[in-house]
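Those protein sequences? They're chains A and B, same order as listed.
Taking my numbering, the leading residue of the first sequence gets -10, the next gets one more, and so forth.
Taking my numbering, the leading residue of the second sequence gets -10, the next gets one more, and so forth.
Using N, Cα and C, we set each Cβ at its ideal position, and we do this for glycine too.
Model, not experiment: these values are computed from the prediction.
Heads up: the structure comes next, in structure tokens.
Number of protein chains: 2
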Amino acid sequence: MTTKEKILETALKLFNERGTDQITTRHIAAEMKISHGNLCYHYPKKEEIIKKLYEELVQELDNEISKVQLNVVSISLLIQMAEITFGIQLKYKFFLIEIVKIMRDIPEIKTHFRSLYQKREAQFTFIIEKLISESLFNASLFEGNYEKIIKQFYLIGDFWISEAEILFEGSPEEKLRTYVEIATAFFTPYLTQKGRAQLTG
Amino acid sequence: MTTKEKILETALKLFNERGTDQITTRHIAAEMKISHGNLCYHYPKKEEIIKKLYEELVQELDNEISKVQLNVVSISLLIQMAEITFGIQLKYKFFLIEIVKIMRDIPEIKTHFRSLYQKREAQFTFIIEKLISESLFNASLFEGNYEKIIKQFYLIGDFWISEAEILFEGSPEEKLRTYVEIATAFFTPYLTQKGRAQLTG
DNA sequence: TTAATTTTAGAACAAATGTCCTAATTATAA
DNA sequence: TTATAATTAGGACATTTGTTCTAAAATTAA
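As structure tokens, this is what we get:
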């Protein structure tokens, strides 16, 4: 691994533990046992480290989600997507915990995230429509309006880590499992009998 | 208004605008046109200002929520409680935006918030049970287990401001109205016909 | 091998920031 | 009025922190 890669890795670890404020470029260098000057040779601006980590997060989500086949939707697919997403989010948890601060500081990230959010909204609308057409979701509950339920779900999906950071005690694995369950349980009232059968089966 | 009170008021305004990191004790003093030394006479520790503002937030929520009569529950009561809570949260939005960071820095607040959360969970369980006994909520969806739905709802209730800070464009009033609607829509799939009638009525 | 490039270490700098100290001013109470 | 206490202003201090600079060391290429 190159020094440049190792810096990202170490920064991610420390940011996740204590946040980007508390962790200085000197901390990162010390953790790696390289000089502070060396770190600043590779990343003259601390902000660049954060930007790069954000790009990694987006990339990773993109890669993993694109692997999921969306030709045939199912309840287990929904759960699978939540597991994948939550797992990657947990890996970059500092970003979700400090999302507002980071977007205040780095407008490019804010702009990118906002357009990403719109894409995600469209994707999810598509999935819900498919679930309805497969008689897995109960259409009558929506009245053709998926906006609010999507916003509700993404709110949970983007901030579960922050809540867990305050309230949850246990290993990251337990945390992931617990909150995937909380998040996927969100859909239960929308399920048809057929959908519910898929859930238990 | 005493200087001490004015400091809190000014700090709240500036914290809400730019966050507790960006706003220094010097900023607060400058905004008030008092000396930095004077501010530090009243609040030698910046942390004390944040603590005091948190106490105000808790107090205000407590006062306003305790006014609501819970003898007879109804859907409109649920909405009313959301409106009250969201309004007060918006007044202290810096706290909700920086909730993880603040609780990392100030353990007393974390401890207090966690016990408060437990109380809120119990209160909400009580309300849901009442709504079920009044045939406003559909009992069959819960199977006597309210934990997940409560966690989902409080997640929305505690982090809607953070999401709005990134995504929403509009006045605080519009913001409040929009997110109260998103949050209360969370309950629609749980409503019985009777409950739904109350909603539209 | 030698020259050029990249990487590393260490020091230095300037700006910011929370905190503390002292003296002057103002308000309060005897 | 006078003395006591509270408030205010201004400056000083030490620390932290991101950033820059220089020179040595290591690596690469010719």
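Check	Outcome
Chain A partners of B/Tyr106, CB-CB under 7 angstroms?	Leu156
What's the gap between the Cα of B/Leu67 and the Cα of B/Tyr168?	14 angstroms
Kindly indicate which three-state DSSP category B/Leu180 falls into: helix, strand or coil?	strand
Say whether the stretch 91 to 106 of chain A touches the stretch 26 to 40 of chain A, bearing in mind that this needs 3 or more beta-carbon pairs closer than 8 angstroms, one atom from each stretch.	yes
Buried or exposed: B/Gln107, going by 16 or more other Cβ atoms within 10 Å of its Cβ?	exposed
I'd like to check one pair, B/Val61 with B/Leu120: are the Cβ atoms closer than 8 angstroms?	no
Closer than 8 angstroms is the cut-off here; do at least three beta carbon pairs connect the stretch 109 to 126 of chain A with the stretch 153 to 165 of chain A?	no
Since B/Phe84 and B/Tyr43 are thought to touch, with beta carbons under 8 angstroms apart, how far apart are those beta carbons, to the nearest angstrom?	6 angstroms
Note down, in chain order, all residues in the stretch 82 to 95 of chain A with a beta-carbon under 8 angstroms from any beta-carbon belonging to chain B.	Ile86, Glu87, Ile88, Val89, Lys90, Met92 and Arg93
Need the endpoints of the alpha helix (DSSP H) that A/Gly133 sits in, please.	Counting along the chain, A/Gly133 falls outside any alpha helix (DSSP H), and DSSP gives it neither H nor E.
Distance check for B/Lys2 and A/Lys(-5), CA to CA, integer angstroms please.	41 angstroms
Which partner residues of A/Phe126 appear in the DSSP bridge assignment?	A/Leu180
For the structure I just gave you, are there three or more beta carbon pairs, one from the stretch 7 to 15 of chain B and one from the stretch 99 to 115 of chain A, closer than 8 angstroms?	no
Report the residue from A/Cys29, A/Leu79 and A/Ala128 whose alpha carbon sits nearest the alpha carbon of A/Asn5.	A/Leu79
Quick one: Cα of A/Ile86 to Cα of B/Lys40, how far?	21 angstroms
Within its chain, find whatever has a CB closer than 7 angstroms to the CB of B/Ile17; leave out the 5 residues flanking it on each side and keep chain order.	Ile(-4), Thr(-1), Ala0, Leu3 and Leu28
Of the residues B/Gln141, B/Lys183 and B/Leu130, which one's Cα is nearest the Cα of B/Phe113?	B/Gln141
Is it buried or exposed for A/Asp201, if we count other Cβ within 10 angstroms and need 16 for buried?	Given that chain A is displayed from residue -10 to residue 190, the structure contains no residue 201 of chain A and the question cannot be resolved.
How should B/Ser129 be labelled, buried or exposed, when 16 other C-beta atoms within 10 angstroms of its C-beta is the threshold for buried?	exposed
To the nearest angstrom, how far is the alpha carbon of B/Ala172 from that of B/Tyr32?	37 angstroms
On the CB-based measure, 16 or more other CB atoms within 10 Å of its CB, does A/Ser55 come out buried or exposed?	exposed
Output, in chain order, the set of chain A residues within a Cβ distance shorter than 7 angstroms of B/Ile171.	Lys137, Lys140 and Gln141
Can you give the Cα-Cα distance for B/Ile64 and A/Val47, rounded to whole angstroms?	40 angstroms
Just to confirm my understanding: we take A/Ser151, look at its own chain, exclude 5 residues before and 5 after, and list those with CB closer than 6 angstroms. What are they?	Ile86
Among B/Thr(-8), B/Leu59 and B/Asp51, which has the Cα closest to the Cα of B/Glu118?	B/Leu59
Is the Cβ of B/Tyr179 closer than 8 angstroms to any Cβ of chain A?	yes
Is there a C-beta anywhere in chain A that falls below 8 angstroms from the one on B/Arg103?	yes
Would you grab the beta carbon distance between B/Glu49 and B/Ile77 for me? Rounded to a whole angstrom, and I think it's under 8 angstroms.	5 angstroms
Using 8 angstroms as the threshold, is the C-beta distance between B/Ile116 and A/Ile145 below it?	no
Hey, out of B/Lys164, B/Lys183 and B/Phe175, whose CA is closest to B/Phe75's CA?	B/Lys164
Look at the alpha carbon of B/Ile73 and the alpha carbon of B/Ile88, and state the distance between them as a whole number of angstroms.	20 angstroms
Along the alpha helix (DSSP H) that carries B/Lys56, what are the first and last residues, could you check?	Lys35 to Lys56
In the DSSP assignment, find the alpha helix (DSSP H) that holds B/Val62 and state where it starts and stops.	Looking at the DSSP string, B/Val62 is not in any alpha helix (DSSP H), and its letter there is neither H nor E.
Following the continuous alpha helix (DSSP H) through B/Phe83, name the residue where it begins and the one where it ends.	Lys82 to Ile86
Distance check for B/Ile91 and B/Lys22, CA to CA, integer angstroms please.	27 angstroms
If you follow the alpha helix (DSSP H) that A/Lys26 is part of, which residue opens it and which one closes it?	Lys is not the amino acid found at residue 26 of chain A; the sequence shown has Gly there. From DSSP, the alpha helix (DSSP H) with A/Gly26 extends over His25 to His31.
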